[in-house]
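Quick notes on the structure that follows.
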Amino acid sequence: MLKKLAGAFVPLLAALVAFALGAIMLLAVGADPIEGFRALISGAFGSSDRLAVTAVRATPLLLVGAGITIAFRASVVNIGGEGQIVSGALLAVIAAQAFPDAPPVVLIPLTCLAGLVGGGIWGAIPGALKAYASVNEILSTIMMNLIAIQLMNYLLRGPLIDPLEIEAGTRIPQTERLSDNAALPIIWNGTRLHLGVLIAILAAVMAWVILWRTPLGFRLRAVGHSPDAARAAGIPVKRSIVTALALSGSLSGLAGTILVFGSESQRMVTDGSSAGFTGSAGFNGIVAALFGGLHPLWTIPSSYLFGGLLTGATHLQRVLQVPAALAVALNGIIVVFVVSSGRARVWIERIGNARSQVSTATPEAGHSEDPANLTEAQS
Amino acid sequence: MEFFELSVLVATIASGIRLSTPYLLAGLGETIGQRSGVLNLGVDGVMMLSAWFAYWTVLEHNNIWLGMLVGLLVGLVMGLIYAFITVTLGAAQGISGIGIFLFGLGFSDLMFQTKVGTPRPLRSTLGEIDIPLLADIPKVGEALFQHHILTYAAFAFVPAVAWFLHKTTLGLNIRAVGENPQAADSLGISVVRTRYLAILIGNTFAGLAGAALVLRGGIFQPNLTQGLGFIAVALVYFGAWRPTGVMAGAILYGLVQASVLKLKILQVIPRSASDIASMAPAIITIVALVIIAGRVKAPAALTKPFSRH
Numbered sequence: 239m240l241k242k243l244a245g246a247f248v249p250l251l252a253a254l255v256a257f258a259l260g261a262i263m264l265l266a267v268g269a270d271p272i273e274g275f276r277a278l279i280s281g282a283f284g285s286s287d288r289l290a291v292t293a294v295r296a297t298p299l300l301l302v303g304a305g306i307t308i309a310f311r312a313s314v315v316n317i318g319g320e321g322q323i324v325s326g327a328l329l330a331v332i333a334a335q336a337f338p339d340a341p342p343v344v345l346i347p348l349t350c351l352a353g354l355v356g357g358g359i360w361g362a363i364p365g366a367l368k369a370y371a372s373v374n375e376i377l378s379t380i381m382m383n384l385i386a387i388q389l390m391n392y393l394l395r396g397p398l399i400d401p402l403e404i405e406a407g408t409r410i411p412q413t414e415r416l417s418d419n420a421a422l423p424i425i426w427n428g429t430r431l432h433l434g435v436l437i438a439i440l441a442a443v444m445a446w447v448i449l450w451r452t453p454l455g456f457r458l459r460a461v462g463h464s465p466d467a468a469r470a471a472g473i474p475v476k477r478s479i480v481t482a483l484a485l486s487g488s489l490s491g492l493a494g495t496i497l498v499f500g501s502e503s504q505r506m507v508t509d510g511s512s513a514g515f516t517g518s519a520g521f522n523g524i525v526a527a528l529f530g531g532l533h534p535l536w537t538i539p540s541s542y543l544f545g546g547l548l549t550g551a552t553h554l555q556r557v558l559q560v561p562a563a564l565a566v567a568l569n570g571i572i573v574v575f576v577v578s579s580g581r582a583r584v585w586i587e588r589i590g591n592a593r594s595q596v597s598t599a600t601p602e603a604g605h606s607e608d609p610a611n612l613t614e615a616q617s
Numbered sequence: 007m008e009f010f011e012l013s014v015l016v017a018t019i020a021s022g023i024r025l026s027t028p029y030l031l032a033g034l035g036e037t038i039g040q041r042s043g044v045l046n047l048g049v050d051g052v053m054m055l056s057a058w059f060a061y062w063t064v065l066e067h068n069n070i071w072l073g074m075l076v077g078l079l080v081g082l083v084m085g086l087i088y089a090f091i092t093v094t095l096g097a098a099q100g101i102s103g104i105g106i107f108l109f110g111l112g113f114s115d116l117m118f119q120t121k122v123g124t125p126r127p128l129r130s131t132l133g134e135i136d137i138p139l140l141a142d143i144p145k146v147g148e149a150l151f152q153h154h155i156l157t158y159a160a161f162a163f164v165p166a167v168a169w170f171l172h173k174t175t176l177g178l179n180i181r182a183v184g185e186n187p188q189a190a191d192s193l194g195i196s197v198v199r200t201r202y203l204a205i206l207i208g209n210t211f212a213g214l215a216g217a218a219l220v221l222r223g224g225i226f227q228p229n230l231t232q233g234l235g236f237i238a239v240a241l242v243y244f245g246a247w248r249p250t251g252v253m254a255g256a257i258l259y260g261l262v263q264a265s266v267l268k269l270k271i272l273q274v275i276p277r278s279a280s281d282i283a284s285m286a287p288a289i290i291t292i293v294a295l296v297i298i299a300g301r302v303k304a305p306a307a308l309t310k311p312f313s314r315h
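Heads up: the protein sequence lines correspond to chains A and B, in order.
Read in my numbering, the first sequence has 370 at position 132, and its numbers run on one by one without any break.
Read in my numbering, the second sequence has 143 at position 137, and its numbers run on one by one without any break.
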């Protein structure tokens with residue numbers, strides 16, 4: 239029984255310790271930790287308005303996170319969420335500018351498709367480099383992030399800049415206000431809750447369906463489990479790697495579309511860094527996916543938790559003047575705790591086994607569905 | 007074209023060498039860690055933390071050397087944490103490195119905003135030291151022998167690290183546990199202790215690299231490194247896990263960066279295209295990774311946690 243408990247206990251313990259460290263950070267910057275956490279929670283979930291904002295903040299994390307689970311299940315690490323969000327958003331902006339007068343029923347699916355394609359391309363490139371040139375995908379996806387940022391800066395300062403910015407001479411690097419027909423409609427009156435929130439949840443469910451209910455998903459998981467065995471079974475391993483990263487990237491790209499067309503300004507804006515546009519969703523999505531046990535459906539509540547953390551941190555900054563960067567630091571700590579908990583879990587399991595005296599049934603260190611082992615198997 | 011005038015070229019080379027310093031320091035440290043079989047993707051975060059604490063120290067005490075020491079110590083502490091996570095707990099190295107990166111990015115930002123707020127330049131920064139006689143050689147002296155102390159140190163570390171890895175017992179042990187930890191273990195080499203030491207040394211280098219950034223630039227701002235630490239990790243692959251290879255890569259990056267800057271200033275490349283030119287380091291890295299992959303062998307146990315069972 240302890241073994242079963244360990245599954246839920248370890249991540250919870252990790253989260254608790256992470257929050258204890260969060261309290262220490264609050265103390266370090268001279269804020270009362272109890273007041274801090276109260277502001278964090280009320281800021282995230284305290285009113286219908288705040289809840290809506292949390293859902294909106296969780297949306298890109300969920301899409302990136304669901305994409306990450308697909309890549310990880312195929313044993314591919316995708317650190318390229320930032321770049322994929324940006325490239326998806328850029329292609330969606332171009333699509334919206336090409337057909338500004340198309341009705342919403344046409345334009346919204348079109349921009350979503352453009353986001354999927356843009357992010358998919360940005361994911362497929364490192365996928366192909368890994369499959370056909372054995373380039374480490376962790377490094378190539380990071381480099382693709384750096385390239386995407388510069389591409390965004392170039393396009394938003396040059397070809398895609400709002401003509402009014404040139405006329406006025408202010409030259410803020412942003413697009414014009416894009417067609418209202420592409421705007422994601424608000425689905426909860428009086429709040430910022432828009433259609434993108436539903437699209438993301440649907441996409442996460444789709445990711446689960448693809449992974450566990452289709453032959454494609456079976457192939458991806460087989461490749462993730464053992465490339466050699468998959469090859470022997472006639473599964474095209476190289477193509478599966480490209481597919482995994484392309485799918486993963488496309489979900490991030492869709493997040494890019496939603497960031498632009500779910501925003502009040504209906505523009506894409508850059509401050510020169512990627513975080514200025516993405517809010518670091520490409521990294522925070524990894525955190526959400528890991529915390530959700532690399533399962534697309536568990537990534538849904540997990541993203542809402544981290545979306546809440548981000549919204550709460552914004553509130554914290556307003557109320558207690560504690561910079562929202564606290565959330566980024568906390569996310570880092572949580573990542574470390576979640577990926578470190580694998581061996582701790584084995585220890586607890588071992589104690590559990592000793593107690594219940596089923597010494598004959600020592601659990602294998604690496605059962606296939608344990609995400610901690612999946613991520614350990616990287617090379 | 008003005009860029010190709012001798013004096014401009016010399017100045018560009020000098021600035022390229024200077025810009026290569028943090029890449030080289032961080033890359034050498036990462037080389038030592040990876041040779042022991044541990045990938046540290048958190049370099050960028052460690053650099054930001056040490057840069058912040060070095061900056062804050064100098065801001066408060068106006069003592070560059072104290073700042074440098076603090077930068078080193080921050081690297082050491084982060085090394086201890088990272089070794090505990092990856093060696094003792096056996097966590098996945100790629101992802102835990104991203105955790106360290108996020109923590110460094112967020113925590114340095116948090117501290118900066120609460121303690122300083124708006125960027126204030128340091129009153130004193132690392133100045134150039136002319137190497138006697140050599141600095142007086144026309145052109146060559148200006149390009150190579152009028153640099154700050156950490157630049158000299160970084161280049162001096164290249165043969166030192168090569169010697170360390172190949173001629174000392176610890177160096178040999180590091181390479182042994184990076185290639186075949188089981189065999190090393192059966193010979194009585196402690197894999198855990200060796201990897202701890204390699205990570206500690208490597209992160210101290212990263213700490214020094216972070217200190218070099220602020221002590222030379224004289225300013226800290228959130229996300230100071232802008233991915234520099236990640237490029238340093240790529241440089242290790244690029245340099246085929248050899249200190250001299252890493253040095254070649256670091257110089258290349260420094261020169262590319264300096265040339266892009268110079269061409270922007272001279273308005274050879276139009277302002278609008280300068281963002282495109284800034285893609286160069288990342289594109290070169292990808293091309294280099296394609297060329298390197300399959301030709302050079304990484305340490306066989308790289309990223310594989312060790313356990314006796």
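We put the CB at the ideal spot given by N, CA and C, even for glycine.
Every value quoted in this text rests on a predicted model; they were computed, and no experiment measured them.
Quick one: any contact between the region 477-492 of chain A and the region 308-320 of chain A, if contact means 3 or more CB pairs under 8 Å?
-> yes
Delimiting residues of the alpha helix (DSSP H) encompassing Q119 of chain B = 99-121
Where DSSP assigns a beta bridge to H432 of chain A, which residues make up the other side?
-> A:I424
Compute the Euclidean distance between the alpha carbons of V146 of chain B and V16 of chain B, then round it to the nearest angstrom.
-> 8 Å
In three-state DSSP terms, what is E533 of chain A?
-> The displayed chain sequence assigns His, not Glu, to residue 533 of chain A. Three-state result, H533 of chain A: coil.
Same chain only: Cβ atoms within 6 Å of G462 of chain A, ignoring 5 sequence neighbours per side | R311, A312, S313
Where does the unbroken alpha helix (DSSP H) through T508 of chain A begin, and where does it stop?
-> Note, T508 of chain A: premise wrong, no alpha helix (DSSP H); not H, not E.
Measuring CA to CA, which of B:R199, B:P144, B:I225, B:E148 is closest to L128 of chain B?
-> B:I225
Could you name the residues of the same chain whose beta carbon sits closer than 6 Å to that of L25 of chain B, not counting the 5 residues immediately before and after it, in chain order?
-> G260, Q263, A264
Would you mind giving the Cβ-Cβ distance between R295 of chain A and T549 of chain A, rounded to the nearest angstrom? I have them listed as a contact below 8 Å.
-> 5 Å
Integer Cβ distance of V252 of chain B from G33 of chain B, believed to fall under 8 Å = 4 Å
Residues that Y542 of chain A contacts on chain B, provided the C-beta gap is smaller than 8 Å = By Cβ distance, chain B contributes nothing, its closest Cβ being about 19 Å from Y542 of chain A, past 8 Å.
Relative to the alpha-carbon of R314 of chain B, which residue among B:A189, B:F211, B:N46, B:Y158 has its alpha-carbon at the smallest distance?
-> B:A189
Using DSSP bridges, identify the partner residues of Q412 of chain A.
-> A:V507
Pick out whichever of B:V122, B:A149, B:R126, B:D191 has its Cα sitting closest to the Cα of I135 of chain B.
-> B:A149
Quick one: which chain B residues come within Cβ less than 8 Å of Q322 of chain A?
-> Near Q322 of chain A there are no residues of chain B at all, since even the closest Cβ is about 15 Å away, more than 8 Å.
Check distances from the C-beta atoms of the region 302-333 of chain A to those of chain B and list, in chain order, the residues that come in under 7 Å.
-> V315, I317
Note down the Cα distance separating G259 of chain A from A204 of chain B, rounded to an integer number of angstroms.
-> The displayed chain sequence assigns Leu, not Gly, to residue 259 of chain A. Spanning the two alpha carbons is a distance of roughly 27 Å.
Contact between the region 285-304 of chain A and the region 454-469 of chain A (3+ Cβ pairs under 8 Å) = no
Buried or exposed (CB count within 10 angstroms, at least 16 for buried), Q595 of chain A | Confidence at Q595 of chain A is low in this model, with a pLDDT of 49, below 50, so the placement of that residue should be treated as unreliable; the coordinate-derived value is given next. Exposed, because fewer than 16 other Cβ atoms sit within 10 Å of the Cβ of Q595 of chain A.
Which residue's Cα is closest to the Cα of L393 of chain A: B:V44, B:V239, B:V183, B:D281?
-> B:D281
What are the boundary residues of the alpha helix (DSSP H) that includes P187 of chain B?
-> 187-192
Ends of the alpha helix (DSSP H) at D466 of chain A?
-> 465-470
Can you round the beta-carbon distance between G35 of chain B and L108 of chain B to whole angstroms, since I take them to be within the 8 Å contact cut?
-> Not quite, the Cβ-Cβ distance comes to about 20 Å (not below 8 Å), so this is no contact.
Under the DSSP definition of a beta bridge, which residues are partnered with D136 of chain B?
-> B:Q152
Contact set for A246 of chain B: own chain, Cβ-Cβ below 6 Å, skip 5 residues either direction = V302
Collapsed DSSP secondary structure at D400 of chain A in the structure displayed | coil
Compute the beta-carbon to beta-carbon distance between I257 of chain B and G22 of chain B, rounded to the nearest angstrom, for a pair I have assumed lies under 8 Å.
-> 7 Å
Determine the contact status of F575 of chain A and A256 of chain A, defining contact as a CB-CB distance below 7 Å.
-> yes
Could you tell me whether the region 477-487 of chain A touches the region 327-347 of chain A, where touching means 3 or more Cβ pairs closer than 8 Å?
-> no
Look at the alpha carbon of S325 of chain A and the alpha carbon of M390 of chain A, and state the distance between them as a whole number of angstroms.
-> 8 Å
Chain-ordered chain A contacts of V239 of chain B [CB-CB under 9 Å] | I376, L377, I380
So, are the CB atoms of L384 of chain A and G48 of chain B less than 7 Å apart?
-> no
Please state whether DSSP places I479 of chain A in a helix, a strand or coil.
-> helix
Beta-carbon neighbours of V461 of chain A, restricted to chain B and to distances below 7 Å | The premise fails here: V461 of chain A is roughly 18 Å from chain B at the closest Cβ pair, so nothing lies under 7 Å.
Could you give the DSSP three-state label for Q595 of chain A: helix, strand or coil?
-> Because Q595 of chain A sits at a pLDDT of 49, beneath the cut-off of 50, its placement in the model cannot be relied upon, and the following sentence gives the value as read from the coordinates. Note: Q595 of chain A maps to coil in three-state DSSP.
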